[in-house]
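Counting from 1, position 13 in the sequence shown corresponds to residue 128 in my numbering; the numbering is continuous, with no gaps.
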Amino acid sequence: MDYLSSLIDGLNPLSRGNILLYWFWLMVYSATFVLAWRGRRAMTRFLCFFLNQIMQLGLFMSWSLTTVLMATFWLPTLLLSVAVIGTTFYITRED
Numbered sequence: 116m117d118y119l120s121s122l123i124d125g126l127n128p129l130s131r132g133n134i135l136l137y138w139f140w141l142m143v144y145s146a147t148f149v150l151a152w153r154g155r156r157a158m159t160r161f162l163c164f165f166l167n168q169i170m171q172l173g174l175f176m177s178w179s180l181t182t183v184l185m186a187t188f189w190l191p192t193l194l195l196s197v198a199v200i201g202t203t204f205y206i207t208r209e210d
């Protein structure tokens, strides 16, 4: 019975693992979105662009799972995106 319960929990879009994966995806995607065009070196920009493309919807996470989690946690999603993008802009600022 534990195996069946763990299998069903893995399919639940609001399971703890899916939510943690979503927050990780959102942070990496937001940071690489900015770093792909604000990086100082061409190699840094290329790696961030490559990682950003891997993080696109459907490749790292399914499109439907991302939509469900984004709709459920819309305010924390917005706040985390703004915080990560703002921090990335601050870190890569020109002195």
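The beta-carbon is built from N, C-alpha and C at its ideal position, and this holds for glycine as well.
Spatially closest choice to residue i from the options, by CA coordinates
| i | options | result |
| --- | --- | --- |
| Thr203 | Met185, Tyr144, Pro191 | Tyr144 |
| Tyr137 | Arg208, Leu184, Leu194, Leu150 | Leu184 |
| Ile206 | Gln171, Thr192, Met170, Thr147 | Thr147 |
| Trp140 | Met170, Val197, Leu190 | Met170 |
| Leu195 | Leu129, Met142, Phe175 | Met142 |
Inter-residue spacing [alpha-carbon to alpha-carbon] between residue i and residue j
| i | j | result |
| --- | --- | --- |
| Ser177 | Arg153 | 28 Å |
| Phe165 | Gly173 | 15 Å |
| Phe161 | Asn167 | 10 Å |
| Leu126 | Leu180 | 10 Å |
| Thr192 | Gly201 | 14 Å |
| Leu190 | Thr182 | 14 Å |
Buried versus exposed, by CB contacts within 10 Å (16 or more), residue i
| i | result |
| --- | --- |
| Met158 | exposed |
| Leu150 | buried |
| Asn133 | buried |
| Thr187 | exposed |
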